[in-house]
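Adding 110 to a residue's 1-based position in the sequence shown gives its number in our numbering.
Glycine residues also receive a C-beta, built at the ideal position from the N, C-alpha and C atoms.
Every value quoted in this text rests on a predicted model; they were computed, and no experiment measured them.
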Amino acid sequence: MAEGQYKQGVAGGRLAPPQYAENFSDLHPPLDRHEALVEADRCYFCYDAPCMQACPTSIDIPLFIRQISTDNPLGAAKTIFEQNILGGMCARVCPTETLCEEVCVRETAEGKPVQIGQLQRYATDEAMARGKQFYTRAAASGRKVAVVGAGPAGLACAHRLAMHGHEVTVVEARPKAGGLNEYGIAAYKATDDFAQAEVDYITAIGGIAIVNDKVLGRDFALSELAASYDAVFLGAGLAGVNALRAEGEEAPGVENAVDFIATLRQSQDLSALEIGRRIVVIGGGMTAIDAAIQSKLLGAEEVTICYRRGKEQMNASEFEQELAAAKGVTIRHWLQPKRVLTEGGQVAGLEVEYTALRDGRLVGTGETIRIDADQVFKAIGQSFDGSPLNGSGNSIVMEGGRIKVDGEGRTSLAGVWAGGDCVDDGREDLTVSAVAAGRDAAESIHRTLTSNGRA
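Below, the structure is given as C-alpha cells:
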C-alpha cells in the first residue's frame, strides 16, 4: 500500500515497535530434539498407514517418524525429500489437520494425533541447517527444459528434472522465486526468510537457472520456448482476482487480499504498513483467514470476515477458523456484499445481504445490514489468465478456465506439460498438491525425453 493512499482510520505504526516482532513470530515454534523423540514415540507405525495415503505426495510417514525415533533426523529428511523436495515449507503450511493428522489412528482413538507436520519440520530443518544434500545430478542428458513459474510446482519439477541430468531454465514473473510460498502465505507461518532458504536448497543440486522478472506473453512467448527447448513445463499461478460483484467495489480502500499479503510478506518494516481500524474481509478460504489475522496483528481494532455460506462450507480448515477467532477476528456467515459505502471518497462501510439456501441454491434474502469499515479486502478466489498462452493460435486447450492436461500432466500441445494452480487436475489448490503435480510431470517429461534416445 502506498503511503497516504487511505485517509481516515488508516495508518501505520499502530503498535509499539516490539509488538510487531512478537505478533509475527513463528506460529508453531519448532520441536527440539527431546520433544521430537517423545512425539515420534507416540506413532503406532501402522501397516498400510492412513496418514501416508492422505498425503498428496505419498511421503512414507511411518518410516520417517521411525527414523526420528531412532535419532536419525537426516535419514528422516531423506525419506521426506524423496517424495517432496519442498517438505520443509509443506511442514509449515500444509493443512495437516485435514490431511495426514486427520486420519491418524491416534486422532481416531484419542482426539490427539501425532504431530506429523511438526516432526516433518524437525527433520527437514535439520538437513537444511546442515546443508545436507541427498541427491546428485545424473550424467548430463544433453536435454534442455524450460519451466514457467518458480512456485512449488515449478520448483519441484525443476529439481526432479535436474536430478535426472537435464538442464533446466526457470522463468519467473516476480523479482523472487518461490511463488505463493514467498508472496502468498501468512508471514507468521514461514519466518526468517524460509521460502528463499528453501529455493537455495533446491537449486543447490545444480543444473537449474532461475530468470526473474520475465512475464509470459510480455517478455517471451510459449511458441519461443517450445522451439528452443526439448520440453516445457507450465507452472504458472493464478494471477486474476475474482470480482465482488458489488456496487462501488473500485472505491479507494477496497483491496485484493492477495496483494495485501504479498506487500506484507515483502515489507522490511511492518510498522510502516498502513492498516485500518475497522477491516472487513470477504471470503471463506485460507487467503481470507490470513488477511484477517494479519490485519489484527498489524493493529486493526475490529476485523470481520463475511462469508456467504455456513461454517461447514468454508474452505479454511476448522483449525484456521479457530485460530482467527483466537486472534480476535469475528467470522460472520450467510452474508454477501451488496454495496461499498463511501464518505469523502473513502470506504466507510459495507452493505451486506443475508443469504440462504432455497431448493439447493444460494440466494439473497433481501435483508441487508451495514458493517462499518475503513478498509475492505477481497478474498473470494483467483482465476487463471490463459491469454498469454496462445498468442500464435489456440494450441493449448482450456477446460473450466484452466489448462487441460492428461493423467501425466501433458497439455494438448506436444512437448508442453503443466501442473499446479494453472490446471484443473482434480487436486486441491494446496502447496503439497502443486509439488506432487510438478514432480509427477517431471517424471513424465524424463520418460519422454529418454524414450528411444529422442524426445
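Residues 238 of the same chain have their beta carbon placed closer than 6 Å to that of residue 311, with the five preceding and five following residues left out of the count.
Residue range 388–392 is occupied by the beta strand (DSSP E) that includes residue 388, with no alpha helix (DSSP H) assigned at that position. If the five residues before and after residue 170 are omitted, its C-beta is found closer than 7 Å to the C-beta atoms of 162 and 189, all from its own chain and listed in chain order.
A contact is defined here as three or more CB-CB pairs under 8 Å, and the segment 288–295 fails this definition with respect to the segment 327–340. The segment 273–285 makes contact with the segment 312–325; the number of CB pairs closer than 8 Å reaches 3 or more.
Where residue 446 is concerned, the enclosing beta strand (DSSP E) starts and stops at 445–453.
Put simply, the backbone Cα of residue 522 is about 46 Å away from that of residue 379. DSSP places residue 441 within a strand segment (E or B) once states are collapsed to three. Per the coordinates, the alpha-carbon of residue 358 lies some 14 Å from the alpha-carbon of residue 392. Using a Cβ distance threshold of 8 Å, residue 208 and residue 227 do not count as a contacting pair. Only residues of its own chain outside the window of five on either side were considered, and among them 152, 153, 214 and 216 have a CB closer than 6 Å to the CB of residue 224, listed in chain order.
Looking from the CA of residue 499, the closest CA among 486, 513 and 491 belongs to 513.
Residue 417 counts as buried, since at least 16 other C-beta atoms from the protein chains shown sit within 10 angstroms of its C-beta. 8 Å or more divides the Cβ of residue 435 from the Cβ of residue 399. Boundaries for residue 246: no alpha helix (DSSP H) harbours it, and the DSSP string shows neither H nor E there. The beta carbons of residue 271 and residue 150 sit about 33 Å from each other, so the pair does not count as a contact at 8 Å. Close CB contacts of residue 235 within its chain, under the 7 Å cut and outside five residues either way in sequence, are with 140 and 198 (chain order). Separation of the CB atoms of residue 537 and residue 546 is rounded to 7 Å, and the pair is thereby assigned contact status at 8 Å.
Sequence-distant partners of residue 155 (beyond 5 residues in either direction) whose C-beta falls short of 8 Å from its own C-beta, in its chain, are 172, 175 and 176. Around the C-beta of residue 243, fewer than 16 other C-beta atoms lie within 10 Å, and the residue is accordingly described as exposed.
The beta carbon of residue 385 sits closer than 8 Å to the beta carbons of 120, 121, 122, 124, 405, 408, 409, 410 and 485 from its chain, once the five residues preceding and following it are set aside; these are given in chain order. Under the 8 Å Cβ criterion, the segment 342–350 counts as touching the segment 243–258, having at least three qualifying pairs. Around the beta carbon of residue 430, 16 or more other beta carbons sit within 10 angstroms, so the residue counts as buried. Ranking 232, 338, 164 and 432 by CA distance to the CA of residue 146 puts 232 first. Contact between residue 203 and residue 286 fails: their C-beta atoms lie close to 17 Å from each other, not under 8 Å.
Inclusion of residue 352 and residue 441 in the CB contact set at 8 Å is not warranted, their separation being larger than that value. Within the model, the alpha-carbon separation for residue 535 versus residue 283 is close to 23 Å. Following the DSSP letters along the chain, one finds residue 417 inside the beta strand (DSSP E) bounded by residues 412–417.
Residue 307 and residue 288 do not touch by the CB rule: their CB atoms are close to 10 Å apart, not below 8 Å.
When DSSP reads this structure, residue 549 sits in no beta bridge, so it has no partner.
By the neighbour-count criterion, in which 16 or more other beta carbons inside 10 Å mark a residue as buried, residue 339 falls on the buried side.
Beyond the five residues adjoining it in sequence on each side, residue 508 comes within less than 7 Å, by CB distance, of 496 and 514 in the same chain, given in chain order. Residue 197 has no beta-bridge partner at all, per DSSP.
For residue 264, the enclosing alpha helix (DSSP H) has its first and last residue at 262–273. Take residue 127, set aside five residues on each side of it, and the residues of its chain with a beta-carbon closer than 7 Å to its own are 381, in chain order. Fully enclosed alpha helix (DSSP H) runs of no fewer than 4 residues occupy 332–338 and 367–376 of the segment 329–398, in order along the chain.
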